[in-house]
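A.B. asks: By the count of this note's numbering, the first sequence reaches residue 597 at its end, each step adding exactly one. Cβ coordinates follow ideal geometry from the N, Cα and C atoms, glycine included. The following block contains the structure, expressed as structure tokens.
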Amino acid sequence: MLKTHSCGQLRRTDIGSQVVLAGWVHRRRDHGGLIFIDLRDREGVVQIVFNPQKSPEPYQLADELRNEYVIRIWGEVVLRPEGTENPALPTGEIEVLVERMEILNKAETPPFYINKDVEVDENLRLEYRYLDLRRERMQRNIKARHLVVNFMREFLNNKGFLEIETPILIKSTPEGARDYLVPSRLYPGSFYALPQSPQQLKQLLMVAGFEKYYQIAKCFRDEDTRADRQPEFTQLDIEMSFVEEDDVMLLTEELLTRLVEGFFPDYKLKKPFPRIRYAEAMARYGSDKPDIRFGLEMSDLSDILVSSSFPVFSRSLANGGCIKGIALPGCGDYSRRSIDELTNLAKDSGGGGLVTISLDKTLNSIEDLTMSAVKSSAARYLAVDEVRLMAKRLGASGGDLILILAGDVSTVNRALGALRLEMGRRLELARPGELAFAFVVDFPLFNWNQELGRWESMHHPFTSPREEDLSLLVTTPEKVRGRHYDIVLNGYEIGGGSIRIHKGDLQREVFHILGYEDKEIDDLFGHLIKAFNYGAPPHGGIALGIDRLLMTLLGEETIRDVIAFPKNQNARDLLFGSPAPVKDEQLKELHLRLETS
RNA sequence: GGCCCCGUGGUGUAGCGGACUAACAUGCCACCCUGUCACGGUGGAGAUCAGGGGUUCAAAUCCCCUCGGGGUCGCCA
């Protein structure tokens, strides 16, 4: 080793030690007669001192030092002179008197600050990711990631799980996201696909008798990115045999609880994790991944407005839609402009025609409500009794703003849910430091795809239907509930899983409902069904999105800040410059020809 | 593919029709400085205001297009 100690670890107890340190010049303070350098390595920063009287040669060399130079120094750890201690630094009681120095490597001036936490254009950060990662925040994030993943491994190892790797080159699956494809050199015209998740593989491991499996699994989905989504991401993938929903959920709950309490003790979290039925989540929060850190819950107002003369309302109800609202506390004095903003927000999510009702501040009791205390874009269509009933249901009082949307159920839920989230943010309703985990349960197994005119799996086709709903499979698929559970955290879906189908004939039946012919089923999923026919145990599992979990735990706003080398929004890697063209020979070997446009 | 937002010295920002010969902070370079720790002081270099076109007597500023980036809808079994 080129060093005997880490910079950041030196303490009072090291006083008197001769040490060799190596690291980066974090900051330099040249006093003319005396040069101080903050020397940084992975463990932190220590002050080293160049004194011309004591060591003239290194002092002269130190004149050349600039930020991010890599140096090695020999010296003695000494107590700092009284009054010059720096309590802000863990190493602030001591310093190292340099007796000899070697410059291991020079550095160009970095394109952005490494020793300061300043917002920098993300392009630039990604182009120079190796420098970005030197910054304190990124070091913290990547280290936290290690600790979290390490904890997960230990936790599961101690519970008898086996970590098993599964292939990255597998087969394209018809349902789900777009696959990343890898052309085969040996088989012209054939392709591998990168796994969207090791779903089928882990089920096969259950058939293979491993009973408890986990993996830190890279997953790939070729879809557009978001703040919490990029082409490749990491899941803690878990599968267990001979289990029911509660076994998996309680294990997950224990894992997450102990993780947070052990590594992020400043957070408050509610135990046990609440369980919310899907239908309820949609009705109350307009989302299957509700942020339950705050209220602003939606209520159905259809019955109150059933005979409303307002065309938007009556039309929606006539078309089988609904009318729902939320109440925004203290927003009754919103300007026209602010209200327009909300209207646009609703439109962005597909919800047209936001109706707002401002209740005057001076209104003491909803019972005393008169139309003079009501300001609304739809005022002339609203009866005072209707407003009163709506206000009551929504828990609104004087000074509040009521938002109402009408339309088909899913659009209203989505748009009003988006408004709820945005207003929750703006009004800062979520208490800081709160982690609101919740399980969402009782999902329907299928949903009807209007465009394609067929049933689709709500999650994936391997989810088991509930036993008591089996008879509905053929008659009324929409009523079949799946044995699926999602886990959400502060409005993010951080995981999901289910008890799987473990019998070949049931699996085949589900594929039939999804519109597959036997031939296709055999081609695409024959391996799985065949495996089920050789004594597959009942099994189930879950997958946790490690990036999203970390993002929330670390208070970051994008998944990219917890990934060492992320892709940008356009799925490009700005450091490597990928994706990139390849040589013609490579294409030829792969039997590929580019379309010339 | 749609919508919204952003692009000004290395970095972060200000300026939003004329007083801009583009300001501030920091970084960078030189010199001074022996107890600083975001050291301090003096001086200096550094910007075709993302690119192109237009409107105007006059454009960093207004309009259009392109490029790059971010957010979001669609998409994400």
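What are the start and end residues of the alpha helix (DSSP H) that includes Lys530?
C.D. replies: 518 to 532
A.B. asks: On the DSSP letters alone, give me the boundaries of the beta strand (DSSP E) that Arg27 sits inside.
C.D. replies: 18 to 30
A.B. asks: Alpha carbon to alpha carbon, what distance is there between Tyr213 and Lys347?
C.D. replies: 45 Å
A.B. asks: Between Ile494 and Glu43, what straight-line distance do the alpha-carbon atoms span, to the nearest angstrom?
C.D. replies: 31 Å
A.B. asks: Could you please give the first and the last residue of the uninterrupted alpha helix (DSSP H) stretch that includes Val316?
C.D. replies: The sequence given here places Ser at residue 316; Val does not occur at that position. That run of the alpha helix (DSSP H) goes 311 to 318.
A.B. asks: Residues in the same chain with beta-carbon distance under 6 Å from Pro477, minus the five sequence neighbours each way, listed in chain order, please.
C.D. replies: Phe446, Trp455, Ile513
A.B. asks: Which residues does DSSP pair with Ser457 in a beta bridge?
C.D. replies: Beta-bridge pairing links Ser457 to Phe446.
A.B. asks: In the DSSP assignment, the beta strand (DSSP E) including Gly44 goes from what residue to what residue?
C.D. replies: Gly44 -> beta strand (DSSP E) spans 44 to 50.
A.B. asks: Buried or exposed: which applies to Asn157, given that a residue is buried once 16 or more other Cβ atoms fall within 10 Å of its Cβ?
C.D. replies: exposed
A.B. asks: For Lys212, which residues does DSSP report across the bridge?
C.D. replies: Met240
A.B. asks: Could you check what DSSP says for Ala418 in three-state terms: helix, strand or coil?
C.D. replies: helix
A.B. asks: Where are the alpha helix (DSSP H) runs, 4 residues long or more, that stay fully inside the segment 255 to 308, in chain order?
C.D. replies: Listed in chain order, they are 278 to 285.
A.B. asks: Can you check the segment 358 to 442 for any alpha helix (DSSP H) of at least 4 residues that lies completely inside it and give the ranges in chain order?
C.D. replies: The alpha helix (DSSP H) runs of length 4 or more contained entirely in the segment 358 to 442 are, from start to end of the chain, 384 to 394, 409 to 426.
A.B. asks: Relative to the C-alpha of Pro183, which residue among Asn449, Ile170, Ile521, Val45 is closest?
C.D. replies: Ile170
A.B. asks: If Gly541 and Ile238 are in contact, beta carbons under 8 Å, what's the gap, nearest whole angstrom?
C.D. replies: 5 Å
A.B. asks: Nearest-angstrom Cα distance between Leu620 and Glu467?
C.D. replies: The requested residue 620 does not occur in the structure, where the chain is confined to residues 1 to 597.
A.B. asks: I'd like the list of long-range same chain contacts for Val306, defined as Cβ closer than 7 Å, with 5 residues on each side in sequence excluded.
C.D. replies: Leu317
A.B. asks: Suppose the cutoff is 8 Å on Cβ atoms and the five residues either side in sequence are ignored; what does the same chain contact list for Val120 look like?
C.D. replies: Phe112, Tyr113, Asp132
A.B. asks: Can you tell me which residues form a DSSP beta bridge with Pro599?
C.D. replies: Residue numbering for the chain in the displayed model covers 1 to 597; residue 599 lies beyond these limits and cannot be assessed.
A.B. asks: Does Gly8 come out as helix, strand or coil in the three-state DSSP assignment?
C.D. replies: Helix.
A.B. asks: Taking the beta strand (DSSP E) that Asn490 belongs to, which residues open and close that run?
C.D. replies: Asn490 -> no beta strand (DSSP E), and no H or E assigned at all.
A.B. asks: Starting from the Cα of Pro444, find the closest Cα among Leu429, Gly433, Ser464 and give me that residue.
C.D. replies: Ser464
A.B. asks: Name the one or two DSSP bridge partners that Leu79 has.
C.D. replies: Paired residues: Ile94.
A.B. asks: In whole angstroms, give me the CA-to-CA distance for Arg284 and Asn364.
C.D. replies: 27 Å
A.B. asks: DSSP on Gln200, reduced to helix/strand/coil?
C.D. replies: helix
A.B. asks: For Asp575, does the three-state DSSP call read helix, strand or coil?
C.D. replies: Contrary to the premise, residue 575 reads as Leu rather than Asp in this sequence. DSSP places Leu575 in coil when its eight states are reduced to three.
A.B. asks: Decide if Tyr187 is buried, meaning its Cβ has at least 16 other Cβ atoms within 10 Å, or exposed.
C.D. replies: exposed
A.B. asks: Who are the Cβ neighbours of Glu434 in its own chain at under 6 Å, not counting the five residues just before and after it?
C.D. replies: Excluding the 5 residues flanking it on each side, Glu434 has same chain C-beta neighbours closer than 6 Å at Lys268, Arg293, in chain order.
A.B. asks: Starting from Ala193, follow the beta strand (DSSP E) in both directions and report where the run begins and ends.
C.D. replies: 191 to 193
A.B. asks: Determine the DSSP secondary structure at Phe233, reduced to helix, strand or coil.
C.D. replies: strand
A.B. asks: Taking the beta carbon of Pro581 as the centre, do at least 16 other beta carbons fall within 10 Å, making it buried, or is it exposed?
C.D. replies: exposed
A.B. asks: By how many angstroms is the C-alpha of Glu386 removed from the C-alpha of Ser309?
C.D. replies: 12 Å
A.B. asks: On the premise that Val77 lies in contact with Leu2, defined as a C-beta separation below 8 Å, what is that separation, rounded to the nearest angstrom?
C.D. replies: Contact doesn't hold; Cβ gap of about 18 Å is too wide.
A.B. asks: Looking only at its chain, what residues have a beta carbon closer than 6 Å to the beta carbon of Glu93, apart from the 5 residues adjacent to it on each side?
C.D. replies: Arg12, Glu85
A.B. asks: Distance check for Arg277 and His484, CA to CA, integer angstroms please.
C.D. replies: 11 Å
A.B. asks: Is Met249 helix, strand or coil by DSSP?
C.D. replies: Helix at Met249.
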